[in-house]
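Scroll down for the structure; my scribbles are underneath it.
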Amino acid sequence: RHSRTCTLCLLARDVANLLSTDPAAGAFAPQTIRQRVTWAPAFAATRQQDVHEAAAMLFQACDAIDAEAVQQHPSCRALPLAAFRSSEYRHTTPFNQIFANLQRTRITCSACHSVTERYERDSYHALSLEKEHLTDVLSLLRDHLAEAPLDANYACTGRTPEGTCCERKGVSTKRTLVEVWPPVLALSFKRFSFNVRTRRADKIHRLIECPTQLDVTPGVSYYLRAVSFHHGPAFAGHYTASVRAANGLWY
30 RHSRTCTLCL LARDVANLLS TDPAAGAFAP QTIRQRVTWA PAFAATRQQD
80 VHEAAAMLFQ ACDAIDAEAV QQHPSCRALP LAAFRSSEYR HTTPFNQIFA
130 NLQRTRITCS ACHSVTERYE RDSYHALSLE KEHLTDVLSL LRDHLAEAPL
180 DANYACTGRT PEGTCCERKG VSTKRTLVEV WPPVLALSFK RFSFNVRTRR
230 ADKIHRLIEC PTQLDVTPGV SYYLRAVSFH HGPAFAGHYT ASVRAANGLW
280 Y
């Protein structure tokens, strides 16, 4: 049984209300937002947060409720919390089923030629805007997944032909291969960069082209449904959002 202030239940009622309300009746106050302090303590004492952080907090709160329910399943009760979080059971929640992809990370060492692979799930891709010649979403996504050097402090964990641990630094590359794309693809742009001269964040204002249909790989396409915009400099401003309804119109 869920409490009356359960975030998941509040959100479900708001969505049901939204789908059943006659548009001519006007707007209504969503209880999920009015009781936001229950799912995001950062909103306590009338404090404000931007819409991007609020959305992330809301999704995390809903996912935590579902994860707790999954953990009570007989097949999961015996698992320690750390083991549960790294198990496939953790990824059966609705949030993960909707947003999380399955990706294979491949790390290659040019010194010992070892290749290390691991599978993991990620719920969104944060795309870097550092390369100025990349001006469209697909190019940014491909660059994000492409092979690239790892941090110079990363030490290779592979073994040499002689069987000793390599431990060489600055000689490894990383590539991400998406094995299973999610039903809903969430992307964000890293529009903030650190200015060494001013010692503060600068905003990257470069225009990025985003098609209404994004073909990420043969047979896998996504249709643009919503965009969140940041207005203002890196250290201030506000967010707005546009959403495409089922009738094809943007609101």
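Heads up: the sequence shown begins at 30 in the working numbering, then just goes up one per residue. Don't be surprised by glycine CBs; every beta carbon is placed ideally from N, CA and C. Bear in mind that the values here come from a model prediction, so they are computed numbers and not experimental data.
Residue i burial status per 10 Å Cβ neighbour count (16 or more: buried)
i    : result
P211 : buried
C194 : exposed
N182 : exposed
S201 : buried
L39  : buried
I127 : exposed
V166 : buried
A96  : buried
T186 : exposed
T241 : exposed
D180 : exposed
N130 : buried
T75  : exposed
Closest by C-alpha distance to residue i, when choosing among the options
i    : options                : result
L281 : F88, R76, H154, G266   : Only positions 30 to 280 of the chain appear in this structure, which leaves residue 281 out of reach.
R33  : E176, R133, Q64, A45   : Q64
H31  : G277, R76, A98, R119   : A98
A312 : L253, P262, D172, S217 : This structure cannot speak to residue 312, because the chain is shown only from 30 to 280.
A263 : S222, V272, E238       : S222
H142 : G192, H173, H120       : G192
Y89  : A73, Q77, A112, T122   : Per the sequence presented here, residue 89 reads as Gln, with Tyr not at that position. The shortest C-alpha separation from Q89 is found at T122.
L206 : I136, K160, D231, A54  : I136
H120 : Y280, E149, P103       : E149
L216 : E159, D151, C105, L108 : D151
I233 : E159, R197, R133, P70  : E159
C138 : A175, T189, A111, Q101 : T189
A93  : A54, V272, R114        : R114
Start-to-end residues for the alpha helix (DSSP H) that takes in residue i
i    : result
A74  : Note, A74: premise wrong, no alpha helix (DSSP H); not H, not E.
Q60  : 60-63
H173 : 166-174
P49  : Checking the displayed sequence, the identity of residue 49 turns out to be Ser instead of Pro. Its alpha helix (DSSP H) spans residues 36-49.
Segment limits, beta strand (DSSP E) that includes residue i
i    : result
T22  : Summary: the structure shown does not reach residue 22, with the chain confined to residues 30 through 280, and so no result is reported for it.
N276 : From DSSP, N276 is part of no beta strand (DSSP E); its letter is neither H nor E.
Q242 : 242-246
V272 : 267-272
Y251 : 249-252
V209 : 201-209
L286 : For residue 286 there is no data in the structure shown, the boundaries of the chain being 30 and 280.
D231 : 229-232
D151 : 144-151
S32  : It is not in any beta strand (DSSP E) - S32 carries neither H nor E in the DSSP assignment.
V225 : V225 -> no beta strand (DSSP E), and no H or E assigned at all.
F218 : 216-219
H260 : 255-260
Whether residue i touches residue j by CB criterion (8 Å)
i    : j    : result
S157 : K203 : no
D43  : P59  : yes
W68  : L87  : yes
L170 : V245 : yes
A270 : A255 : yes
E161 : R226 : no
Y268 : S257 : yes
V66  : A56  : no
T145 : C91  : no
A177 : K198 : no
R133 : E196 : no
Check: residue i C-beta below 7 Å from any heavy atom of the ligand PLP
i    : result
A275 : Of the ligands one can find in the structure shown there are none, so the ligand PLP has no counterpart to examine.
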